[in-house]
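J.:
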Amino acid sequence: MKISYFPGCTLKANAKNFEDSALCSLKKLGLEVEELRRWNCCGTVYSLAADDIIHHVAPVRNLIFSKEAKADALVTLCAMCYNTLKRANDRFKKNAEDRDIINRFMDAEGLAYEGDVKVLHLLEVLRDVVKFENLAQKVVRPLKDLNVASYYGCLLVRPKEIGLDNVENPQVLENLMSALGAQPVDFPHKTECCGAYQTVDNPRIVAERTYQILTSARSRGADVVAVSCPLCAFNLDTRQKETVDLHSDFEKMPILYFSQLLGIALGCPVEALRFDLHDVDPKPVLKRKGLI
Amino acid sequence: MRVNISQKKIRDAFVVKIEELSGQKILACYQCGKCSAGCPAVSEMDILPNQVIRYVQLGFKDELLKSKSFWVCASCLTCNARCPKGIKIAEVMEAVRQISLRKRKDYVKIPTLTDKQKEEVPPIALISSFRKYTS
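From first to last, the protein sequence lines are chains P and Y. The first sequence begins at 586 in the working numbering and counts up by one. The second sequence begins at 3 in the working numbering and counts up by one.
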């Protein structure tokens with residue numbers, strides 16, 4: 586299977602811990618990925634307005650590059666990239682009129698676009714291509730006694746026709762954590778919005794959400810929270826500073842990318858896991874559990 | 003709140019524009035309130051998501067554009083997933099934002115953001131904020 590890898594902006598900047606740990610894990614699993622040539626911004630948010638086709642040019646250009654690379658699938662790690670690319674692909678597959686408009690606009694790309702690129706999230710590759718039972722056999726350091734609450738946020742699961750799992754009660758992250766030997770912790774806020782981009786102009790909203798989400802995970806016994814979106818990660822991790830100011834009873838919680846936990850279990854070196862990039866240091870709890 | 007209901011408002015071009023931009027049939031909503039019940043942002047809103055729909059149904063353009071609810075909505079799509087009538091409330095919120103933005107009324111004014119605000123957040127936050135909040 587030839588996989589094109591689409592990193593997106595934040596994995597090359599603030600979320601190197603996400604990218605490095607995922608690439609190391611893929612190597613350990615024997616999966617070859619090739620970074621998409623000349624990739625550009627995915628658009629970050631899918632425009633919901635019916636006539637706003639210009640805002641789909643960015644994701645479609647990436648999809649065309651993926652077609653040119655003759656890859657079987659375009660794989661993303663970031664939940665927002667996944668959503669934007671997959672929704673744009675889906676829209677132009679289903680809507681011939683819009684497809685025609687965008688193809689006429691984008692004729693410089695030299696390849697007609699038909700909405701026929703397979704967009705996958707890394708979690709889908711692990712679940713459907715590698716399969717969790719095979720993954721479990723490659724675990725060299727089981728995440729024994731680590732209680733992991735998995736936080737999906739919005740864009741991995743919604744809308745229903747795009748999401749990679751059940752829209753109200755997704756399980757893929759919990760199943761992955763079980764395969765890695767961790768104890769999955771179920772909590773009711775796992776698909777509640779973190780406040781997303783409001784972190785720019787109104788961090789207080791995000792700090793309040795962080796309080797709700799992390800207090801809920803803590804009350805269910807979580808040691809860490811696993812995420813798959815660099816914006817959720819920033820909001821839940823960095824905005825804990827503001828959360829402490831708002832709520833004196835708040836207890837800080839380490840936020841990890843699921844790929845970092847995968848990396849630990851598969852024996853990736855600590856340099857690839859980049860625990861130095863966290864605001865709330867996850868090392869004490871990982872050391873206490875004997876994982877690093 | 004004292005309001006004036008009229009055929010003129012209900013048939014206003016504003017209602018037609020919202021339906022066109024959102025692709026939704028606004029009168030399909032029977033005001034069950036499920037969207038508001040599940041919305042994680044209601045504590046920050048001045049009118050609830052189902053009221054946003056009601057305002058559109060009645061053509062309350064000025065009242066709606068004055069509210070802050072459609073700016074607080076972060077398009078998490080929980081309401082869309084739960085609406086028993088299949089109405090995409092998030093698309094209606096986007097339509098209201100677009101109507102405001104297309105008159106060049108930016109919600110986030112980029113020149114007024116401080117260096118700290120711009121530097122502390124990852125690129126994904128800035129780009130999505132500007133995509134949603136500026137024209």
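Here a beta-carbon is modelled for each residue, glycine too, at the ideal position from N, C-alpha and C.
1) For T80 (chain Y), does the three-state DSSP call read helix, strand or coil?
2) In three-state terms, what does DSSP make of I49 (chain Y)?
3) Tell me whether I840 (chain P) is buried or exposed, calling it buried when 16 or more other Cβ atoms sit within 10 Å of its Cβ.
4) Chain P partners of S69 (chain Y), CB-CB under 9 Å?
5) Residues in the same chain with beta-carbon distance under 7 Å from I89 (chain Y), minus the five sequence neighbours each way, listed in chain order, please.
6) Go to P42 (chain Y), then tell me how far its alpha helix (DSSP H) extends in each direction, as first and last residue.
7) Using beta-carbon positions only, say whether V645 (chain P) and A673 (chain P) come within less than 8 Å of one another.
8) Mapping DSSP to helix, strand and coil, what is H832 (chain P)?
9) Buried or exposed for G695 (chain P), going by 16 or more other Cβ atoms inside 10 Å?
10) Mapping DSSP to helix, strand and coil, what is F650 (chain P)?
11) Identify the continuous beta strand (DSSP E) that holds F591 (chain P) and give its terminal residues.
12) Could you check what DSSP says for S552 (chain P) in three-state terms: helix, strand or coil?
13) Let me know the secondary structure DSSP gives P569 (chain P) once reduced to three states.
14) With a threshold of 8 Å, are at least 3 pairs of Cβ atoms found where one atom belongs to the stretch 854–873 of chain P and the other to the stretch 3–18 of chain Y?
15) Give a yes or no on whether the minimum CB-CB distance between I112 (chain Y) and chain P is below 8 Å.
16) First and last residue of the beta strand (DSSP E) that includes Q768 (chain P)?
17) Assuming E619 (chain P) is part of the alpha helix (DSSP H), what are its boundary residues?
18) For chain P, is any of its Cβ atoms less than 8 Å away from the one on R133 (chain Y)?
19) If I'm right that C609 (chain P) touches A818 (chain P) with Cβ under 8 Å, what's the distance once you round it to whole angstroms?
20) If I measure Cβ to Cβ from E93 (chain Y) and keep anything under 7 Å in the same chain, skipping five residues before and after, which residues do I get?
21) Give me the chain P residues within the contact set of L29 (chain Y), using Cβ-Cβ distance strictly less than 9 Å, ordered along the chain.
22) Looking only at DSSP bridge pairs, what is Y842 (chain P) linked to?
23) By the criterion of Cβ-Cβ separation under 7 Å, what are the contact partners of K745 (chain P) in chain Y?
24) The alpha helix (DSSP H) spanning V98 (chain Y) covers which residue range?
25) Would K134 (chain Y) and Y782 (chain P) qualify as a contact pair, given that the criterion is a beta-carbon distance under 8 Å?
26) May I ask which residues mark the beginning and end of the alpha helix (DSSP H) holding V704 (chain P)?
27) With a CB to CB cut of under 7 Å and the five nearest residues on each side skipped, what residues in its chain are close to C663 (chain P)?
28) Might you give, ordered along the chain, the residues of its own chain that have their beta carbon closer than 7 Å to the beta carbon of Y109 (chain Y), omitting 5 neighbours on each side?
29) Under a Cβ-count criterion, where at least 16 other Cβ atoms within 10 Å of its own Cβ denotes burial, should G61 (chain Y) be classed as buried or exposed?
30) Is A658 (chain P) helix, strand or coil by DSSP?
31) Give me the residue from Y:C85, Y:I129, Y:L128 with the minimum Cα distance to I28 (chain Y).
32) Within its chain, find whatever has a CB closer than 7 Å to the CB of A697 (chain P); leave out the 5 residues flanking it on each side and keep chain order.
33) Going along the chain, which residues of its own chain have a beta-carbon closer than 6 Å to the beta-carbon of A654 (chain P), five neighbours each way excluded?
34) Can you list, in chain order, the residues of its chain with a C-beta nearer than 8 Å to that of R106 (chain Y)? Leave out the 5 residues immediately preceding and following it.
35) Distance, Cα to Cα, L862 (chain P) vs V123 (chain Y)?
36) Taking Cβ to Cβ, would you say L765 (chain P) is nearer than 8 Å to V724 (chain P)?
T.: Here's the rundown:
1) Position 78 of the second sequence, counted from the start, is the residue given in the question as residue 80 (chain Y). In this structure, T80 (chain Y) counts as helix in the three-state DSSP scheme.
2) Taking the first residue of the second sequence as position 1, residue 49 (chain Y) is located at position 47. Correct three-state label for I49 (chain Y): coil.
3) As a working mapping, residue 840 (chain P) is identified with position 255 in the first sequence. I840 (chain P) is buried by the Cβ-count criterion.
4) The residue labelled residue 69 (chain Y) in the question sits at position 67 within the second sequence. Within 9 Å Cβ-Cβ: nothing; S69 (chain Y) doesn't reach chain P, min ~16 Å.
5) Looking up residue 89 (chain Y) in the second sequence gives position 87. Excluding residues within five positions, the ones whose Cβ falls inside 7 Å are Q26, A30, C31.
6) Counting from 1 along the second sequence, the entry for residue 42 (chain Y) is found at position 40. Per DSSP, P42 (chain Y) belongs to no alpha helix (DSSP H) and is neither H nor E.
7) Numbered from its first residue, the first sequence carries residue 645 (chain P) at position 60. Numbered from its first residue, the first sequence carries residue 673 (chain P) at position 88. Yes, the Cβ-Cβ distance between V645 (chain P) and A673 (chain P) is below 8 Å.
8) By 1-based counting over the first sequence, the position of residue 832 (chain P) is 247. H832 (chain P) falls in the coil class under three-state DSSP.
9) Counted from its first residue, the first sequence places residue 695 (chain P) at position 110. G695 (chain P) should be labelled exposed.
10) What you label residue 650 (chain P) is simply residue 65 of the first sequence in a count that begins at 1. F650 (chain P) falls in the helix class under three-state DSSP.
11) One-based indexing of the first sequence puts residue 591 (chain P) at position 6. It spans 588–591 - the beta strand (DSSP E) in which F591 (chain P) sits, taken as one unbroken run.
12) For residue 552 (chain P) there is no data in the structure shown, the boundaries of chain P being 586 and 877.
13) Outside the shown range of chain P, which is 586 to 877, sits residue 569 (chain P), and nothing can be said about it.
14) no
15) Against the second sequence, residue 112 (chain Y) aligns to sequence position 110. So no, I112 (chain Y) is outside the interface.
16) Position 183 of the first sequence, counting from 1, holds the residue named residue 768 (chain P). Unbroken beta strand (DSSP E) run through Q768 (chain P): 768–770.
17) Within the first sequence, residue 619 (chain P) is the residue found at index 34, counting from 1. Not the alpha helix (DSSP H): E619 (chain P) falls in the beta strand (DSSP E), residues 618–620.
18) For the purposes of this step, residue 133 (chain Y) is taken as residue 131 along the second sequence, with counting starting at 1. Yes, contact with chain P.
19) In the first sequence, counting from the first residue as 1, residue 609 (chain P) sits at position 24. In the first sequence, counting from the first residue as 1, residue 818 (chain P) sits at position 233. Not a contact, Cβ separation roughly 18 Å.
20) In the second sequence, counting from the first residue as 1, residue 93 (chain Y) sits at position 91. The answer, listed in chain order, is S24, G25, Q26.
21) The residue labelled residue 29 (chain Y) in the question sits at position 27 within the second sequence. In chain order: nothing, as chain P lies at least about 18 Å away.
22) Residue 842 (chain P) sits at position 257 when you count from the first residue of the first sequence. In DSSP, Y842 (chain P) forms a bridge with P:V812.
23) Mapped onto the first sequence, residue 745 (chain P) falls at position 160. Result: A83.
24) Numbered from 1 along the second sequence, position 96 holds the residue referred to as residue 98 (chain Y). Per DSSP, V98 (chain Y) belongs to the alpha helix (DSSP H) from 91–103.
25) Numbered from 1 along the second sequence, position 132 holds the residue referred to as residue 134 (chain Y). Numbered from 1 along the first sequence, position 197 holds the residue referred to as residue 782 (chain P). Yes, the pair counts as a contact, with Cβ atoms nearer than the cut-off.
26) Here residue 704 (chain P) is taken as the residue at index 119 of the first sequence, counted from 1. Unbroken run through V704 (chain P) is the beta strand (DSSP E), 704–706; no alpha helix (DSSP H).
27) Looking up residue 663 (chain P) in the first sequence gives position 78. Here the set comprises G593, T595, L596, C814, P815.
28) As a working mapping, residue 109 (chain Y) is identified with position 107 in the second sequence. Answer for Y109 (chain Y): W73, Y135, listed in chain order.
29) To locate residue 61 (chain Y), count along the second sequence from 1; it is residue 59. Buried, because 16 or more other Cβ atoms sit within 10 Å of the Cβ of G61 (chain Y).
30) Translated into positions along the first sequence, residue 658 (chain P) becomes position 73. Here A658 (chain P) sits in strand by DSSP.
31) Here residue 28 (chain Y) corresponds to residue number 26 of the second sequence, with the count starting at 1. Considering only alpha carbons, the answer is Y:C85.
32) Numbered from its first residue, the first sequence carries residue 697 (chain P) at position 112. So the list reads N688, once near-sequence residues are dropped.
33) Position 69 of the first sequence holds residue 654 (chain P). Closer than 6 Å at Cβ, skipping near neighbours: S589.
34) Here the question's residue 106 (chain Y) lines up with position 104 in the second sequence. Correct list, in chain order: S137.
35) Here the question's residue 862 (chain P) lines up with position 277 in the first sequence. Here the question's residue 123 (chain Y) lines up with position 121 in the second sequence. So the alpha carbons of these two residues sit roughly 14 Å apart.
36) By one-based count along the first sequence, residue 765 (chain P) stands at place 180. By one-based count along the first sequence, residue 724 (chain P) stands at place 139. Contact: yes.
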